[in-house]
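A.B. asks:
Protein chains: 2
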Amino acid sequence: MATIYEVAKLAGVSPATVSRVFNGLGVSEEKTQAVRDAARHLRFSPNRTARSLRRQESEVIALVIPDIENPYFTELARGVEDVAQKAGYSVVLCNSDAQIEKEARYLQIAVAEHMAGVILAAAADHTNLDDLIATGRPVVAVDRGTGYDIDGVVMANRAAGTAATENLVDAGYRRVAFIAGPELIETAQERAQGWRRVMAERLPEAPVDELLRYSSFQVDGGREAMEQLLAMPEPPDAVVAGNNLIGVGAIQVLTEHGLTPPRLGVAVIGSLPFTTLSPSAVTLVRLPARHMGVTAAKLLLERIGGDDQPARTVVLRNEVQPATAVRAV
Amino acid sequence: MATIYEVAKLAGVSPATVSRVFNGLGVSEEKTQAVRDAARHLRFSPNRTARSLRRQESEVIALVIPDIENPYFTELARGVEDVAQKAGYSVVLCNSDAQIEKEARYLQIAVAEHMAGVILAAAADHTNLDDLIATGRPVVAVDRGTGYDIDGVVMANRAAGTAATENLVDAGYRRVAFIAGPELIETAQERAQGWRRVMAERLPEAPVDELLRYSSFQVDGGREAMEQLLAMPEPPDAVVAGNNLIGVGAIQVLTEHGLTPPRLGVAVIGSLPFTTLSPSAVTLVRLPARHMGVTAAKLLLERIGGDDQPARTVVLRNEVQPATAVRAV
DNA sequence: GTGAAAGCGCTAACAC
DNA sequence: GTGTTAGCGCTTTCAC
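Next up, the structure:
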């Protein structure tokens, strides 16, 4: 690969001038042209590694997510990528697999590679960001908080839990269970709180402690919890799934038991992009994952650009898509 | 961040020795210990940018895929990441969105960042890899060929098309349609060829030209093609979906028309990880996407390690999971 | 507006 | 086994 020196020589200017041309700084018309011609001739493109070393910052953003196979996070990634790309940044997608050790490794790499910033969907409750923040690298939290005073974009989780539950209660269901996700994860807790509030208000006689189940945020977690719920002496007549994959698992089990929604009412917090279900059978509380990515990327780019205002948290509204089918009574 | 010089000073050795310790080269026991202690003290971690500049190679692999939201590709990514991570490499996931321009940009970045190698699921028929290959960077093609003489990992696409179709014919279906995907994409063509062969042998009277539809490799593509097929004067009694998303779209439309499989037979080339369908209703020709990623990453690491043998192409076998439910006659 | 030159942090010759 | 040193390709003062 050609270097700036070769381009300079061919164009009859100094290396500094070549650099200026490629960074849009003040260079005379004619020299600019000469440099561009020479560069094209030599198929020169600036060595980003050298640039990063010198500038102490690379044009790369790290996006750390706990599950690359969950469409929710790939949709988020999609949003981040779209914005980042337009601003000239590339995105390194780091899959922490919900393990804090893997996450820590990636965060360390982000520092060691002088990445411009990090968008983090934390693997667990308390991720240690001391090192990262100490370097001054901007970090934006998405989906989940971090306990640090940094920018964040989150869903209206409590409202989502409330909306999902209310929808089922309005439809006439009386024993509404909730499969929450991991007990230690903030989003799961908050969504469960929304459910709990509606239950307390509208169905005070229901045994909430039995109707609340924790699980993983995976299809299998949803399956297991749903099986347990169906095995209860008095099973629920409806269920709220705490995220998309739990929803998939729960619906799978219901289908296997011949209880396809809306025979048993189902509301899912999240979207089911690849489901083959009739869209009217299930209530969806859609979470704008792509928008979350877009917003987070914008916040991060502002910080990278030197924005210095106090930390902001953006809460994204969700959109309820009610099931229109009613159960046969 | 501390540098190698500060560590050297604190440990009472030269910078070169510090470097050697961190690269596992021959250093005496005691100095090694001194360096490690000093490094820990200063929370030193080597600056990867500087290392990359000096070595002319970074510990980053680019994975370029056409659709980050397709579970097939995230599963592939998962496989790549698992292998890469263990070998100390990070993976930059680049979403080309099936656009050759975006793809070209990412490939250029891969060069400019001195990435160690590229795993490419080509966006379209003929991607230009001249520059990339000229730099000597190893490239492994996945899922689709590139027209270059490089390592590759592909699915047994023709066999997948054959298996899917035979399964439906064996089940008694007589008008088996095929929704192929984009006409210009190799995998779509090959799978269609498999279908065509079975049709010619087993159902020679069927109007194959009407029963073959091209579409995008997206849910919407599957939907549109399925609608068209159902609108035919003599609609098919079964359909093979050329990839997972087409399958989702087709099944959605069928469900909406009250033709849930197996009333109309469905075979999908690919897996449906997030579907809520009963597993017995649809024949799946599973494509080992994760395994493809693992294999590609291993091949790439071998090349990065200096392996110089002629280009290899690995063809991955698929696994048929037949529908067990039969249609009511 | 332009050039000369230092230096980002590391590695790899080379000398001892 | 270990230290000295040059240099990877770029950006950025500092002069002019």
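As given, the protein sequences belong to chains A and B, one line each in that order.
Whatever position you read off the first sequence (first residue = 1), add 952 for my numbering.
Whatever position you read off the second sequence (first residue = 1), add 952 for my numbering.
In this text, a Cβ means the ideal position worked out from N, Cα and C, and glycines have one as well.
None of the values given here were measured: they were computed from a predicted structure.
1. Identify every run of the alpha helix (DSSP H) within the segment 999-1072 of chain B, keeping only runs that are complete inside it and at least 4 residues long; order them along the chain.
2. Using 10 angstroms around the beta-carbon of A:A1233, count the other beta-carbons present and answer buried if the total reaches 16, otherwise exposed.
3. Given this structure, state the Cα-to-Cα distance separating B:Q1170 from B:Y1024, to the nearest angstrom.
4. Would you mind giving the Cβ-Cβ distance between A:A1036 and A:N1270, rounded to the nearest angstrom? I have them listed as a contact below 8 Å.
5. Taking B:N999 as the query, report the chain A residues whose CB atoms sit under 9 Å from its CB, ordered along the chain.
6. Select from the segment 1202-1234 of chain B all residues with a C-beta closer than 8 Å to any C-beta belonging to chain A, and list them in chain order.
7. Which bits of chain A does B:P1023 rub up against, with CB to CB less than 9 Å?
8. Using DSSP bridges, identify the partner residues of B:F1130.
9. From A:D1034 to A:V1246, what does the alpha carbon distance come to, in whole angstroms?
10. What is the DSSP secondary structure of A:Q1273, reduced to helix, strand or coil?
11. By DSSP, does A:I1221 sit in helix, in strand, or in coil?
12. Return yes when the Cβ of A:A1202 is within less than 8 Å of the Cβ of A:Y1166, no when it is not.
13. With 16 as the cutoff for other CB atoms within 10 Å, does A:A938 come out buried or exposed?
14. Within a Cβ cutoff of 7 Å, which residues of the same chain sit near B:Q1204, ignoring the five residues on either side of it in sequence?
15. Closest to B:E1009 by CA distance: which of B:I1256, B:T955, B:E1153 and B:V1106 is it?
16. What is the DSSP secondary structure of A:G1146, counted as helix, strand or coil?
17. For A:A981 and A:R988, what's the separation of their Cα atoms in angstroms?
18. Run through DSSP, which three-state label would B:V1200 get?
19. Is the beta carbon of B:L1072 closer than 8 Å to that of B:A1093?
20. Work out the CA separation of A:T1235 and A:Q1273 for me, nearest whole Å.
21. Against chain B, does A:E1055 count as a neighbour if the rule is that its beta carbon must be under 8 Å from one of theirs?
22. Over what stretch of residues does the beta strand (DSSP E) that includes A:M1178 continue unbroken?
23. Can you list, in chain order, the residues of its chain with a C-beta nearer than 8 Å to that of B:L962? Leave out the 5 residues immediately preceding and following it.
24. Straight-line CA distance for B:P1187 to B:W1147?
25. Show which residues of chain A have a CB atom less than 9 Å away from the CB atom of B:L1084.
26. Can you name the residues of chain B whose CB is closer than 7 Å to the CB of A:Q1273?
27. Consider the Cβ of A:R1030: report whether some Cβ of chain B lies at a distance smaller than 8 Å.
28. Are the CB atoms of A:L1042 and B:I1061 nearer to each other than 8 Å?
29. Does the Cβ-Cβ distance between A:P1214 and A:A1177 come in under 8 Å?
30. Taking the alpha-carbon positions, what's the B:G1124 to B:R1154 distance?
31. Determine the chain A residues that contact B:M1178 at a beta-carbon separation under 7 Å, and present them in chain order.
32. Kindly give me the distance between the Cβ atoms of A:I1020 and B:A1029, rounded to whole angstroms, as I take these residues to be in contact under 8 Å.
33. Is A:I1061 close to chain B, meaning its C-beta is less than 8 Å from at least one C-beta of that chain?
34. Below 8 Å on the Cβ atoms is my contact criterion, and I expect B:V1266 with B:V1105 to pass it. Report the Cβ-Cβ distance as a whole number of Å.
35. In the DSSP output, which residue or residues are listed as bridge partners for B:L1268?
36. Please report whether the beta-carbon of A:M953 lies at a distance below 8 Å from any beta-carbon of chain B.
C.D. replies: The answer reads as follows:
1. 1000-1007, 1023-1038 and 1052-1064
2. If you number the first sequence from 1, residue 1233 of chain A lands on position 281. Looking at its Cβ environment, which holds 16 or more other Cβ atoms inside 10 Å, A:A1233 is buried.
3. For the purposes of this step, residue 1170 of chain B is taken as residue 218 along the second sequence, with counting starting at 1. For the purposes of this step, residue 1024 of chain B is taken as residue 72 along the second sequence, with counting starting at 1. Going by the C-alpha atoms only, they are around 12 Å apart.
4. To locate residue 1036 of chain A, count along the first sequence from 1; it is residue 84. To locate residue 1270 of chain A, count along the first sequence from 1; it is residue 318. Not a contact, Cβ separation roughly 24 Å.
5. Against the second sequence, residue 999 of chain B aligns to sequence position 47. Those are L1005, A1064, E1065 and H1066, listed as they occur along chain A.
6. I1203, Q1204, T1207, E1208, L1224, P1225, F1226, T1227, T1228, L1229 and S1230
7. Start at 1 with the first residue of the second sequence, and residue 1023 of chain B comes out as number 71. Chain A residues near B:P1023: E1021, P1023, T1026 and F1226.
8. Mapped onto the second sequence, residue 1130 of chain B falls at position 178. DSSP lists B:L1164 and B:V1192 as partners of B:F1130.
9. Within the first sequence, residue 1034 of chain A is the residue found at index 82, counting from 1. Within the first sequence, residue 1246 of chain A is the residue found at index 294, counting from 1. Looking at the two C-alpha atoms, the distance is approximately 7 Å.
10. The sequence position of residue 1273 of chain A within the first sequence is 321, counting from 1. In this structure, A:Q1273 counts as strand in the three-state DSSP scheme.
11. Locating residue 1221 of chain A in the first sequence gives position 269, counting from the first residue. Here A:I1221 sits in strand by DSSP.
12. Locating residue 1166 of chain A in the first sequence gives position 214, where the first residue counts as 1. Locating residue 1202 of chain A in the first sequence gives position 250, where the first residue counts as 1. Not in contact: A:Y1166 and A:A1202 (Cβ atoms no closer than 8 Å).
13. Given that chain A is displayed from residue 953 to residue 1281, the structure contains no residue 938 of chain A and the question cannot be resolved.
14. For the purposes of this step, residue 1204 of chain B is taken as residue 252 along the second sequence, with counting starting at 1. Once the five neighbours on either side are set aside, the close Cβ partners of B:Q1204 are R1175.
15. On the second sequence, residue 1009 of chain B is found 57 positions in, with the first residue counted as 1. Comparing Cα-Cα distances from B:E1009 to each of B:I1256, B:T955, B:E1153 and B:V1106, the minimum goes to B:I1256.
16. By one-based count along the first sequence, residue 1146 of chain A stands at place 194. Helix.
17. Within the first sequence, the letter at position 29 stands for residue 981 of chain A. Within the first sequence, the letter at position 36 stands for residue 988 of chain A. Inspection of the sequence shows that residue 981 of chain A is occupied by Glu rather than by Ala. Rounded to whole angstroms, A:E981 to A:R988 spans 11 Å at the Cα level.
18. As a position in the second sequence, residue 1200 of chain B is number 248, starting the count at 1. Helix, per DSSP.
19. In the second sequence, counting from the first residue as 1, residue 1093 of chain B sits at position 141. In the second sequence, counting from the first residue as 1, residue 1072 of chain B sits at position 120. The answer is yes: Cβ separation under 8 Å.
20. Residue numbering aside, residue 1273 of chain A sits at position 321 when the first sequence is read from its first letter. Residue numbering aside, residue 1235 of chain A sits at position 283 when the first sequence is read from its first letter. Each residue's alpha carbon lies about 6 Å from the other.
21. Looking up residue 1055 of chain A in the first sequence gives position 103. So no, A:E1055 is outside the interface.
22. Residue numbering aside, residue 1178 of chain A sits at position 226 when the first sequence is read from its first letter. Element bounds for A:M1178: not the beta strand (DSSP E) but the alpha helix (DSSP H), V1171 to L1182.
23. In the second sequence, the residue the question calls residue 962 of chain B occupies position 10. Same-chain partners within the cutoff: A990, H993 and L994.
24. Within the second sequence, residue 1187 of chain B is the residue found at index 235, counting from 1. Within the second sequence, residue 1147 of chain B is the residue found at index 195, counting from 1. Rounded to the nearest angstrom, the two C-alpha atoms are 17 Å apart.
25. The residue you call residue 1084 of chain B lines up with position 132 of the second sequence. Residues of chain A passing the Cβ test: none, with the nearest at roughly 11 Å.
26. Translated into the one-based positions of the first sequence, residue 1273 of chain A becomes position 321. Neighbours of A:Q1273 on chain B: none; closest Cβ ~15 Å, over 7 Å.
27. Mapped onto the first sequence, residue 1030 of chain A falls at position 78. So yes, A:R1030 belongs to the interface.
28. Counted from its first residue, the first sequence places residue 1042 of chain A at position 90. Counted from its first residue, the second sequence places residue 1061 of chain B at position 109. Here residue 1042 of chain A turns out to be Ser, not Leu, going by the sequence shown. Yes, these two residues count as a Cβ contact at 8 Å.
29. If you number the first sequence from 1, residue 1214 of chain A lands on position 262. If you number the first sequence from 1, residue 1177 of chain A lands on position 225. It is not a contact, given that the beta carbons lie outside the stated cut-off.
30. Here residue 1124 of chain B is taken as the residue at index 172 of the second sequence, counted from 1. Here residue 1154 of chain B is taken as the residue at index 202 of the second sequence, counted from 1. Straight-line Cα distance between these residues: approximately 11 Å.
31. Taking the second sequence and counting its residues from 1, one reaches residue 1178 of chain B at position 226. Under the 7 Å cutoff, chain A gives no residues; its nearest Cβ is about 12 Å from B:M1178.
32. Mapped onto the first sequence, residue 1020 of chain A falls at position 68. Mapped onto the second sequence, residue 1029 of chain B falls at position 77. Right, the Cβ-Cβ distance comes to about 6 Å (below 8 Å), so this counts as a contact.
33. Locating residue 1061 of chain A in the first sequence gives position 109, counting from the first residue. Yes, because at least one Cβ of chain B sits closer than 8 Å to the Cβ of A:I1061.
34. As a first step, residue 1266 of chain B must be located in the second sequence, where it is residue number 314. As a first step, residue 1105 of chain B must be located in the second sequence, where it is residue number 153. Their Cβ separation, rounded to whole angstroms, is 5 Å, which keeps B:V1266 and B:V1105 in contact under 8 Å.
35. The count along the second sequence starts at 1 and reaches residue 1268 of chain B at position 316. Partner(s): B:M1107.
36. Numbered from its first residue, the first sequence carries residue 953 of chain A at position 1. Yes - at least one Cβ of chain B is within 8 Å of the one on A:M953.
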